[in-house]
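Chemist:
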Amino acid sequence: MTEPAALRTVVLVSGTGTNLQALLDAQSPDGYAVVAVGSDRHDCGGLDRAAAAGIPTFVVRVPDFATRPEWDRAITDAVAAHTPDLVVSAGFFKVLGADFLATHQTINTHPSLLPSFPGSFGVRDALAHGVRVTGCTCHWIDAGIDSGPIIEQRAVRVEDGDTEETLHERIKVAERAMLVDVVRALAADRGSWRRGGGLD
Ligand code: GAR
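When you line the sequence shown up against this note's numbering, it's residues 54 to 253, in that order.
1) Taking only the alpha-carbon atoms, compute the straight-line gap between Ala131 and Ala103 and give it to the nearest angstrom.
2) By the 10 Å Cβ neighbour count, where 16 or more other Cβ atoms means buried, how is Gly107 classified, buried or exposed?
3) So, with DSSP's three-state summary, where would you put Glu212?
4) Compute the Euclidean distance between the alpha carbons of Thr190 and Ser200, then round it to the nearest angstrom.
5) Answer yes or no: do Val90 and Thr110 have a C-beta to C-beta separation smaller than 7 Å?
6) Rounded to whole angstroms, what is the Cα-Cα separation between Leu263 and Asp101?
7) Expressed to the nearest angstrom, what Euclidean distance is found between the alpha-carbon atoms of Arg248 and Gln158?
8) Are Val112 and His135 close, meaning C-beta to C-beta below 7 Å?
9) What does Cys97 pair with, by DSSP beta-bridge criteria?
10) Would you call Ala144 buried or exposed, if buried means 16 or more other Cβ atoms sit within 10 Å of its Cβ?
11) Are Asp93 and Ser67 touching if we call contact CB-CB under 7 Å?
12) Quick one: grab the DSSP three-state call for Asp253.
13) Put Arg61 into one of helix, strand or coil per three-state DSSP.
14) Write down every uninterrupted run of the beta strand (DSSP E) in the stretch 89-171 whose length is 3 residues or greater and which is fully enclosed by it, in chain order.
15) Alpha carbons only, please: which of Ala59, Arg61 and Gly98 is nearest the one belonging to Gln74?
16) Beta strand (DSSP E) containing Thr71: first to last residue?
17) Tell me whether Thr162 is buried or exposed, calling it buried when 16 or more other Cβ atoms sit within 10 Å of its Cβ.
18) What does the alpha-carbon distance come out to for the pair Ile128 and Ala196?
The structure is reproduced here in structure tokens:
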């Protein structure tokens with residue numbers, strides 16, 4: 054029997070890209086392949102990691118377009134040029150719009166146990182609230198902010214004396230493993246996943 058080709062995966066990043074690096078390190082011919090990495094900014098460690106791995110990159114900046122829907126169409130097309138089966142938002146700090154989500158099946162990783170602490174400051178907000186356990190969530194992206202169907206979560210304890218930085222670093226250790234597990238599982242079960250749902 055012929056092995057299925059690797060799941061074609063495009064990763065979107067805005068920051069240092071340690072989640073991207075975990076995905077790059079865990080690619081395999083019978084699992085998934087990162088076929089391109091995109092960003093909304095040029096000065097981004099994630100793009101450097103992609104280039105070092107020999108992966109094609111592209112940048113689509115919001116200020117280069119007159120309107121947000123035009124930016125959304127442009128990034129939709131830039132991703133589509135790589136014919137992905139799956140898009141992963143891994144520390145991508147822009148909200149994807151209607152065109153994008155209608156075209157690409159897209160998952161996101163977020164540094165809190167959703168639905169608690171959505172938004173840009175998931176770690177800071179959890180710490181400020183005084184929770185003793187937080188963590189990370191991988192979910193399908195829908196039209197809301199960090200609101201789509203949850204695929205997987207990992208819990209992380211808050212330790213006495215944690216700062217936003219120390220807590221985020223521990224969350225990111227769990228997050229990288231979670232993200233690799235999820236993309237591998239989606240690659241293995243690709244016949245059974247569907248828009249807006251998790252793994253069957
Ligand atoms: C990750 O913790 C990711 O969940 C978070 O940014 C970090 C990126 O780290 N994303 C958000 O907070 C989005 N709301 P990385 O650049 O090292 O992968």
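Glycine residues also receive a C-beta, built at the ideal position from the N, C-alpha and C atoms.
Modeler: According to the structure data:
1) As the crow flies, the alpha-carbon of Ala131 is around 16 Å from that of Ala103.
2) It is exposed - the Cβ of Gly107 has fewer than 16 other Cβ atoms within 10 Å.
3) Secondary structure of Glu212 (DSSP, three-state): coil.
4) One C-alpha to the other measures close to 11 Å.
5) Taking 7 Å as the cut-off, the beta carbon of Val90 is found closer than this to the beta carbon of Thr110.
6) With the chain covering only 54 through 253, there is no way to say anything about residue 263.
7) Low confidence applies here, because Arg248 scores a pLDDT of 49, under 50, leaving its location unreliable and the question unanswered by this model.
8) Contact flag unset, no.
9) The partner list for Cys97 (beta bridge, DSSP) is empty, contrary to what the question assumes.
10) In the sequence as presented, Ala is not what sits at residue 144; that position holds Gly. Taking a 10 Å sphere around the C-beta of Gly144, we find 16 or more other C-beta atoms and assign the residue as buried.
11) Yes.
12) Confidence at Asp253 is low in this model, with a pLDDT of 47, below 50, so its placement is unreliable and no value can be given for it.
13) Strand, per DSSP.
14) For the beta strand (DSSP E) assignment, the uninterrupted runs of no fewer than 3 residues enclosed by the stretch 89-171 are, from N- to C-terminal side, 110-112, 139-142 and 159-163.
15) Measuring from the Cα of Gln74, the nearest candidate turns out to be Gly98.
16) Thr71 -> not in any beta strand (DSSP E); alpha helix (DSSP H) instead, spanning Thr71 to Asp78.
17) By the C-beta density criterion, Thr162 is buried, having at least 16 other C-beta atoms within 10 angstroms.
18) Cα-Cα distance, rounded: 16 Å.
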